[in-house]
Amino acid sequence: MNCNKKILICGGTGCLSSKSDEIKKNLEKYIAEYNVKDVEVVLTGCFGFCEKGPIVKIVPENTFYIEVKPEDAEEIIKVDIVDGEKIERLLYIDPKTEERIHDSKDMEFYQKQERRALKNCGVIDPENIEDFLKNDGYKGIEKVLKTMSNRDVIKEIFASGLRGRGGGGFLTGIKWEIASNIEAEQKYIVCNADEGDPGAFMDRSILEGDPHSVIEGMMIAGYAIGATKGLVYIRAEYPLAIHRLSVAIEAARKKGFLGKNILGTDFEFDIELKFGAGAFVCGEETALIHSMEGRRGEPTSKPPYPAEKGFWDKPTVVNNVETLVNVPGILLYGKEWFREVGTEKSPGTKVFALAGKINNVGLVEVPMGISLREIIFEIGGGIKDNKKFKAVQTGGPSGGCLTEKDLDTPIDFDTLSKKGSIMGSGGMVVMDEDDCMVAIAKFFLEFTLDESCGKCTPCRVGNTRLYEMLDKITQGRGTLEDLHLLQELSEGIKATSLCGLGQTSANPVLSTLAQFYDEYVEHVVDKRCAAGACQKLITYSITDKCIGCTACARVCPIDAITGTVKHRHEIDNEICIKCGACYETCKFGAIVKL
Numbered sequence: 001m002n003c004n005k006k007i008l009i010c011g012g013t014g015c016l017s018s019k020s021d022e023i024k025k026n027l028e029k030y031i032a033e034y035n036v037k038d039v040e041v042v043l044t045g046c047f048g049f050c051e052k053g054p055i056v057k058i059v060p061e062n063t064f065y066i067e068v069k070p071e072d073a074e075e076i077i078k079v080d081i082v083d084g085e086k087i088e089r090l091l092y093i094d095p096k097t098e099e100r101i102h103d104s105k106d107m108e109f110y111q112k113q114e115r116r117a118l119k120n121c122g123v124i125d126p127e128n129i130e131d132f133l134k135n136d137g138y139k140g141i142e143k144v145l146k147t148m149s150n151r152d153v154i155k156e157i158f159a160s161g162l163r164g165r166g167g168g169g170f171l172t173g174i175k176w177e178i179a180s181n182i183e184a185e186q187k188y189i190v191c192n193a194d195e196g197d198p199g200a201f202m203d204r205s206i207l208e209g210d211p212h213s214v215i216e217g218m219m220i221a222g223y224a225i226g227a228t229k230g231l232v233y234i235r236a237e238y239p240l241a242i243h244r245l246s247v248a249i250e251a252a253r254k255k256g257f258l259g260k261n262i263l264g265t266d267f268e269f270d271i272e273l274k275f276g277a278g279a280f281v282c283g284e285e286t287a288l289i290h291s292m293e294g295r296r297g298e299p300t301s302k303p304p305y306p307a308e309k310g311f312w313d314k315p316t317v318v319n320n321v322e323t324l325v326n327v328p329g330i331l332l333y334g335k336e337w338f339r340e341v342g343t344e345k346s347p348g349t350k351v352f353a354l355a356g357k358i359n360n361v362g363l364v365e366v367p368m369g370i371s372l373r374e375i376i377f378e379i380g381g382g383i384k385d386n387k388k389f390k391a392v393q394t395g396g397p398s399g400g401c402l403t404e405k406d407l408d409t410p411i412d413f414d415t416l417s418k419k420g421s422i423m424g425s426g427g428m429v430v431m432d433e434d435d436c437m438v439a440i441a442k443f444f445l446e447f448t449l450d451e452s453c454g455k456c457t458p459c460r461v462g463n464t465r466l467y468e469m470l471d472k473i474t475q476g477r478g479t480l481e482d483l484h485l486l487q488e489l490s491e492g493i494k495a496t497s498l499c500g501l502g503q504t505s506a507n508p509v510l511s512t513l514a515q516f517y518d519e520y521v522e523h524v525v526d527k528r529c530a531a532g533a534c535q536k537l538i539t540y541s542i543t544d545k546c547i548g549c550t551a552c553a554r555v556c557p558i559d560a561i562t563g564t565v566k567h568r569h570e571i572d573n574e575i576c577i578k579c580g581a582c583y584e585t586c587k588f589g590a591i592v593k594l
């Protein structure tokens, strides 16, 4: 049997937790048992379609199997590889046509994506440098070292319009130029891999699936500004990303891509890892630098900027993972290639982590300028359980909520900012009709409050007061005056906080006040939460569906439910503590939230 096939298995964190490594072992076992030749099994990076993982893809046919289990391995080898037949039950079913789809390129999830930063994720073995080299790996740094000066590199990056993908959208070329123009005996390139937004996993997935592209991007940045040292600041709780990046760094050293006299030139560059303890504020570059120096992770006022005076007071360029992974392609294929997609002021693509009440949870890469509608209802497959779309939070806890009227908004740095939100690092949390926007604002603010370093008063004290007011409102103790104070205090915190964390922390409050003011009024005037999310504002009632099974009365912890067998029961709302035990227990839908 001569197949010349590759079996690619998703080896990202999510799929590994669902035993994709066991799938690989079983596939290799049955390849041996069935004496199959010329078939390679590769544990690769994230395919993006996390909702349907673990994923197994067979190339060159591009057969795409979803929700694969270790026990499916023998059938894949026997039926697909040996007999050449598709396993229908493992194929994706299009929810609109109900047809089974064999090839991933025919899936709506992938059709509007443009995978550039993610081009190697789900394609190569991230722990095999030879796989990377076969896919134009280290060709960008080779071209740079052999044909370009550092000024040429900076001009190309500047002309490409590449903006930082970590949240701020600052022009990468400007940052590099500032550091390049400063004379110093030592300069540093720092890769910010401290991804901490709730629901965000873009940078982690790139590091797990394509670590060499990040290394190459850092090398090019180092050459451009005259740095010989690279540092990757990464969360210690990302063990798989750390492992694969460490393997890649060691392999790059052995191949001569890191160290001295790289590719026969006098260019010298090496990389080491610095571990963070998971502080969200350390995503801010000055706080990150302090943490790497062994100090408390607190931001400082700017200027001077890190590009002028950063790590150990030396010129330091801080770029995030996604920014750096775009660099090799720009230098290898040219600025025009990068500008082929995106908008004039926001060229290129952006990686988003789709999460929340959406059918296709996953990692997507789309051209800048695509609409929210296309991302949520086409790529994302719409809202779970056919619920009504309510809002989407872009930019993580520091972003803002956009509503149905914003669905045709083009996604780019400037448009989102005008809408009261931000691009952020790329988190996108979708909410439906069952979400309470006051509770959502409280959730994000609680996260930011926990993550504040506490250095400046507006953030430390102001956000505490904001949270207390939101908590008061969700418990039915709020007043209309509180809504005025929420607005006023949020604007003050935004205007006076020291760093980006405090300056954007009130965004969820301001955007929900602007978009869902009626919900706030309902909470403080009617003492009601229409979504049924604020426990203290819920009233439970027993309807005529009650058959008198007594299950609800038996689970009530304070005996607030009375009634006899086979007769409708009643809830005494004067003593009900709103625990919801009766609602969860009733099997007949007889208990409703009001």
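Just so we're aligned, residue 1 is where the sequence shown starts under UniProt numbering, counting upward by one. Glycine is no exception: its CB is placed at the ideal position from the N, C-alpha and C atoms. What you are looking at is a predicted structure, and each value in this text was computed from that prediction instead of being measured.
Simplified DSSP assignment, three categories, for residue i
i, result
"Gln503", "helix"
"Leu324", "helix"
"Gln393", "strand"
"Asn319", "strand"
"Glu570", "strand"
"Asp165", "Just to set this straight, residue 165 is Arg in the shown sequence, not Asp. DSSP places Arg165 in coil when its eight states are reduced to three."
"Glu468", "helix"
"Val351", "strand"
"Arg100", "strand"
"Tyr34", "coil"
"Lys405", "helix"
"Tyr238", "coil"
"Lys78", "helix"
"Leu8", "strand"
"Ala73", "helix"
"Tyr583", "helix"
Where the beta strand (DSSP E) through residue i begins and ends
i, result
"Gly362", "362-367"
"Arg235", "229-235"
"Met428", "427-432"
"Thr63", "63-65"
"Phe275", "270-276"
"Ile174", "Here Ile174 belongs to no beta strand (DSSP E); instead the alpha helix (DSSP H) covers 172-180."
"Ser541", "540-542"
"Ala193", "188-193"
"Ile591", "591-593"
Integer-rounded CB distance, given that residue j should sit under 8 Å from residue i
i, j, result
"Ala287", "Gly278", "Not a contact, Cβ separation roughly 13 Å."
"Ile440", "Thr512", "7 Å"
"Phe109", "Gly382", "About 12 Å; that fails the 8 Å criterion."
"residue 598", "Ile591", "Shown here, the chain extends from 1 to 594; a query on residue 598 therefore has no answer."
"Val232", "Lys274", "7 Å"
Alpha carbon of residue i to alpha carbon of residue j, nearest angstrom
i, j, result
"Asn62", "Lys472", "54 Å"
"Gly493", "Thr172", "Residue 493 is actually Ile in this sequence, not Gly. Straight-line Cα distance between these residues: approximately 28 Å."
"Met1", "Lys37", "Per-residue confidence for Met1 stands at a pLDDT of 41, beneath the threshold of 50, marking its modelled position as unreliable; the derived number appears in the next sentence. Rounded to the nearest angstrom, the two C-alpha atoms are 6 Å apart."
"Lys146", "Glu404", "51 Å"
"residue 600", "Thr323", "Residue 600 is absent from the model: the chain starts at 1 and stops at 594."
"Leu27", "Asp125", "16 Å"
"Asp544", "Cys579", "22 Å"
"Lys157", "Glu98", "Here the sequence assigns Ile to residue 157, which means Lys is not the residue at that position. Using only the alpha carbons, I get a separation of about 45 Å."
"Cys191", "Glu433", "39 Å"
"residue 604", "Asp197", "Lying before the first or after the last residue shown, residue 604 is absent from the chain, which here runs from 1 to 594."
"Ser104", "Glu491", "46 Å"
"Cys401", "Phe443", "13 Å"
"Lys155", "Pro328", "14 Å"
"Thr479", "Ala533", "19 Å"
"Leu470", "Tyr520", "10 Å"
"Pro303", "Thr415", "27 Å"
"Ala530", "Ala391", "15 Å"
"Gly84", "Tyr92", "18 Å"
"Ile577", "Lys536", "8 Å"
Limits of the unbroken alpha helix (DSSP H) element including residue i
i, result
"Val144", "139-147"
"Leu402", "No alpha helix (DSSP H) holds Leu402; the beta strand (DSSP E) holding it covers 400-402."
Can you confirm whether the region 1-17 touches the region 49-68 when touching is taken to mean that 3 or more C-beta pairs between the two stretches lie within less than 8 Å? Flag = yes, the region 49-68 and the region 1-17 touch.
Would you check if there are 3 or more beta carbon pairs closer than 8 Å linking the region 405-417 to the region 435-450? no
Any 3 or more C-beta pairs closer than 8 Å across the region 178-190 and the region 156-169: no
State whether the region 261-269 contacts the region 422-429, with contact taken as three or more CB pairs (one from each stretch) at a distance under 8 Å. no
Decide if the region 376-386 is in contact with the region 350-358; the criterion is three or more beta carbon pairs, one per stretch, under 8 Å apart. Yes: at least three Cβ pairs fall under 8 Å.
Can we say the region 238-254 touches the region 125-138, given the rule of at least three CB pairs closer than 8 Å? yes
Check whether the region 581-592 touches the region 551-560, counting contact only when three or more Cβ pairs, one atom from each stretch, lie closer than 8 Å. They touch, by the three-pair rule.
Three or more C-beta pairs under 8 Å: does that hold for the region 38-48 against the region 106-126? yes
Meets three-Cβ-pair contact criterion under 8 Å: the region 513-522 and the region 301-320: no
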